[in-house]
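Okay, structure first, notes after.
Number of protein chains: 2
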Amino acid sequence: MNIVLLSGGSGKRLWPLSNDIRSKQFIKIFKGEDGSYESMVQRVYRQIKKVDKDATVTIATSKTQVSSIHNQLGTDVGISIEPCRRDTFPAIALATAYLVDVLGISPEESVVVCPVDPYVEDEYFTALKALSDQADKGEANLVLMGIEPTYPSEKYGYIIPATKDNVSAVSNFKEKPSIEVAKDYISQGALWNGGVFAYKLKYVLEKAHELIDFKDYQDLFDKYETLTKISFDYAVVEKEDKIQVMRFAGEWKDLGTWNTLTEAMEENIVGKGQMNETCKGVHIVNEMDVPVLAMGLTDVVISASPEGILVSDKEQSSYIKPYVDGIVQRIMFAEKSWGNFKVIDVEPESVTIKVTLNAGHSMNYHLHNHRDEVWVVISGTGKTVIDSVETPVKSGDVITMKAGCKHTVVADTELKLIEVQLGSDISVDDKVKYELK
Amino acid sequence: MNIVLLSGGSGKRLWPLSNDIRSKQFIKIFKGEDGSYESMVQRVYRQIKKVDKDATVTIATSKTQVSSIHNQLGTDVGISIEPCRRDTFPAIALATAYLVDVLGISPEESVVVCPVDPYVEDEYFTALKALSDQADKGEANLVLMGIEPTYPSEKYGYIIPATKDNVSAVSNFKEKPSIEVAKDYISQGALWNGGVFAYKLKYVLEKAHELIDFKDYQDLFDKYETLTKISFDYAVVEKEDKIQVMRFAGEWKDLGTWNTLTEAMEENIVGKGQMNETCKGVHIVNEMDVPVLAMGLTDVVISASPEGILVSDKEQSSYIKPYVDGIVQRIMFAEKSWGNFKVIDVEPESVTIKVTLNAGHSMNYHLHNHRDEVWVVISGTGKTVIDSVETPVKSGDVITMKAGCKHTVVADTELKLIEVQLGSDISVDDKVKYELK
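Chains as they are written, first to last, in the working numbering: chain E, 1 to 437; chain B, 438 to 874.
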């Protein structure tokens, strides 16, 4: 099976765990099969490989997520990078071209497109395989997954199938309705539209060429910024007559808010935390090094990270976005392709961060025009390259770098260092990258 | 007026703001007259000086609080240091001897003893002056303050006065009662015993010599550890016949728990925080650098510090102690006579702290046997002394110190530095102090 996972943008609704550069799909919050924590994207990837170990998985996303994807899934996964956000039709067209032109998959093969963040059981991925097999038959140009509703939700669009068969023609699409209207749809046999569908690669390539003037993947990538924003639903689905829906009756959750996310958590406490016996329905998700103590609370979520601390009634947590939009502060934590960094102290003329480099990795070779830096290696071994001079380093070594000096560190083992940035004009934008020869 | 403020031990009931080395009386949480925040001890000291600018104020406390007292009150205040905890009779005897033998106050003068942490208005201190004046008259050996009860509390002992006069003989003392019994006491005209009393210095000196074999203050100090633990109430108050009570009808609050502390706060948010409009009766006290967001909560206190994060229903917060007793971790923040330090990163073989030295101050001249250290100065100017060699330092300077090397830094201006401690056996006990010649 070929599968494209659509990995969306910054999820402020799960602040403080998600932020402008860390999306919810990368938060390690679910107990995996081996007892360690895994993220949504890791869980989904593991489930796909379990159902179909030969599946070709490609993630369609923006540049900012590439580091996190490689960190969490390794380098076997394909990534179709959107140079900028242009809604779902350009994104799916680009990913389709990537599969054909970069991965060399035959345009006759089918692909399943689905969001990266459903919280589902393995049977869901078996259903995706069935969706792909149905697309292979060529009875329809598009085969949608229709999820059997468990309640009259206002959050989803609805698909009205022509028959009650497992696979049916689509009679009609409906926008997100009110609860009353949703009840009516359901009585007519309507299914939720979870944004999952399968098609033969050549079909979307043809549609793309109809709407966009481009030669191949690279050409589409190069002119991506000039494309018009248009959704796949509007550009393709609503105009297609040869369209089928396949039923799915298994468990399916969309973890968009703290309320729904905590419902999917197997444990009430992730990270350092304790609650007394008068707490009911309380979840603690703590990424800080200090303990959280909760007493006498009901239906409250507490989450702490280097970005901030949320304490919210679970129902209320769905209204978080405008409050988080109002919080302006520097990024305090980030995963990078080479490891991660965490801001540990901020002063007017200095910033201190802790850098963790994964074994075998290095940060970019770079310089800063407006700040000096000091590194103190606190664990591991590797080498530094300072203005082209290589020096082996180990725990306890100190490296001082004046502004203008090119520098990097290469980790042999996992290597951690404290970096003190010094200057009156410290900015993440003050960085000039070079190739390391 | 001479006044002794009894400054008690670690107040875990206000965790995470108070801990083993920072007691609740030093937390800056109250809006002072100039708009900046002040602690309980600063508020009380300011109020005493307002009512009687010539008051001699002595704080009876343990060694661990001396740095905080000097930081917050300066060096004019007297401190009677208890070498160890031996209950209130030895503590009051030692402070009394301190007033006579160290400060040279005549044994004929009176002193008022009161806790360091009442939350009161200025009139309370006017009442303390009246208490002292009453003791001066010599009608009784002890004059107690009796606080007019505002409700039948189980938290306080009660004093039954002989008459309804402003000053009366004491008829009887009662232990902390049940609410029903408290109602009965109050109907008999009982007053709360707030632990405030006045006496002529010579009176307690005599009592002390009756019970303890000692020459003078220094002798009592030297043998303090050998003394029996005994309360002032048991050793003196309950055995004294010549005893009076003076009424006080003004506002008086005992801020022992988050519940009562937040009642006394003028603002709902201290530090970085915001709450949405569905929050009611919520207090945020945040000493961390990251924001707290509260949504949809009622009667909840949220407090965050480098020690941890508390989220508690206000009523429940009074049951905090056993939970905090169960939290074992290093001290993450401390005020010192020379400034303060904060732990900002902990790894198995390194600890990184941020040190702030006040202008004109220096840390102890010391060495560590089992760890190397690196300092990166991030602001200010001063000098380091490393194995007797003085070197001027400024922002950006890096100092590396091997285990066994004696070191200190002296701040000319306020000076901040990042200290990285490196070694497999890092402990606060690994410190040998030297005199700086």
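By construction, the Cβ of each residue, glycine as well, lies at the ideal position given by its N, Cα and C atoms.
The C-beta of E/S379 comes closer than 8 angstroms to at least one C-beta of chain B. 8 angstroms or more divides the Cβ of E/L255 from the Cβ of E/A97. The Cβ of B/D650 sits no closer than 8 angstroms to any Cβ of chain E. The shortest C-alpha to C-alpha distance from B/W689 to any of B/P555, B/I739, B/T498 is the one to B/P555. Interface annotation, E/D233: not in contact with chain B, CB-CB separation never under 8 angstroms.
Along the stretch 699–725 of chain B, the positions whose C-beta sits under 7 angstroms from a C-beta of chain E are Q711, N713, T715, read in chain order. Listed by position along chain E, the residues whose Cβ is nearer than 8 angstroms to that of B/M769 are V290. With a threshold of 8 angstroms between beta carbons, B/I781 makes contact with chain E. Neighbours of E/I302 across chain B, judged by C-beta separation under 8 angstroms: I746, V748. Within the model, the alpha-carbon separation for B/Q766 versus B/R480 is close to 31 angstroms.
In the displayed model, E/T384 falls within a strand according to three-state DSSP. Each residue's CA atom was taken as its position, placing B/H807 and E/V346 some 29 angstroms apart. Within chain E, the C-beta atoms nearer than 8 angstroms to that of B/E784 come from I378, S379, K416, in chain order. Neighbours of E/P161 in chain B, taken as residues at a C-beta separation under 9 angstroms, are lacking, since the least C-beta distance is about 39 angstroms. Within 10 angstroms of the beta-carbon of E/N19 lie 16 or more other beta-carbons, which makes it buried. B/L873 places its beta carbon 8 angstroms or farther from that of B/L794. Less than 8 angstroms separates the beta-carbon of B/V722 from that of B/I466. Our two residues, E/P83 and E/L103, have alpha carbons roughly 19 angstroms apart in a direct line. The Cβ atoms of B/I649 and B/L638 lie no closer than 8 angstroms to each other.
In the structure shown, E/Q329 falls within a coil segment according to DSSP collapsed to helix, strand and coil. Only residues of its own chain outside the window of five on either side were considered, and among them L220 have a CB closer than 6 angstroms to the CB of E/F214, listed in chain order. In summary, the residues of the stretch 783–810 of chain B whose CB is separated from some CB of chain E by less than 8 angstroms are V783, E784, P785, E786, S787, T789, K791, D809, in the order they occur in the chain. Proximity of chain B to E/I320 at the Cβ level (cut-off 8 angstroms) is accounted for by L730, M732, in chain order. Annotation: the stretch 659–734 of chain B contains the following complete segments of the beta strand (DSSP E) (minimum length 3 residues), in chain order: 680–685, 689–691, 710–712, 720–723, 729–732.
Taking 8 angstroms as the cut-off, the beta carbon of B/I623 is found closer than this to the beta carbon of B/P586. Among the CB atoms of chain E, none fall inside 8 angstroms of the CB of B/V846. The Cβ-Cβ distance between E/A359 and E/Q244 does not fall below 8 angstroms.
Inter-segment contact for the stretch 697–717 of chain B and the stretch 730–740 of chain B is present: three or more beta-carbon pairs are separated by less than 8 angstroms.
In this chain, the alpha helix (DSSP H) harbouring E/Y124 covers 122–137.
Contact of B/E752 with chain E by beta-carbon distance below 8 angstroms involves G296. For E/P16 against E/L310, the beta-carbon gap comes to about 6 angstroms, under 8 angstroms, which counts as contact. Interface with chain E (8 angstroms Cβ-Cβ cutoff): B/P829 is excluded. Taking a Cβ-Cβ cut-off of 8 angstroms, E/T58 has no neighbours in chain B, whose nearest Cβ is about 36 angstroms from it.
In the displayed model, B/A532 falls within a helix according to three-state DSSP.
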